[in-house]
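Data first, discussion second: the structure below is written as structure tokens.
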């Protein structure tokens, strides 16, 4: 029933890698149009470059300012902030 416009997903989850979660969500037709933002403070440049291959739309390195997150979300959704 709930259909988000954006999912913010940490890559380093305790039980499951965020890349695997992204792959599973992308395989579900209900989530094919959802924008997905990966966040992590522990990825190498090579790992960051490979995130789009598993289905992420963009990446934010931790720590990040809330303004950076808001900016990224508005870019992905192509909306302006009032």
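Numbering (the working numbering), first residue to last: 606 to 687.
Positions of the beta carbon are idealized from the N, C-alpha and C atoms, including for glycine.
Note that the coordinates shown come from a computational prediction; the quantities given were computed from them, not determined experimentally.
**OP:** Assign residue 618 to one of two classes, buried (16 or more other C-beta atoms within 10 Å of its C-beta) or exposed (fewer than that).
**Re:** exposed
Original post:
Which residue from 666, 664 and 609 puts its Cα closest to that of residue 635?
Top reply: 609
Original post:
Near residue 647, which residues of its chain fall below 7 Å by C-beta distance, leaving aside the five closest residues on each side in sequence?
Top reply: 617
Subject >> Per-residue DSSP class, three states only, for residue 633 >> reply: coil
**OP:** Return the CA-CA distance between residue 683 and residue 624, expressed in angstroms with no decimal places.
**Re:** 24 Å
Subject >> Burial state of residue 560, where buried means 16 or more other Cβ atoms lie within 10 Å >> reply: Residue 560 is absent from the structure shown; the chain starts at 606 and stops at 687.
Subject >> Environment of residue 661 [buried if 16+ CB atoms lie within 10 Å] >> reply: buried
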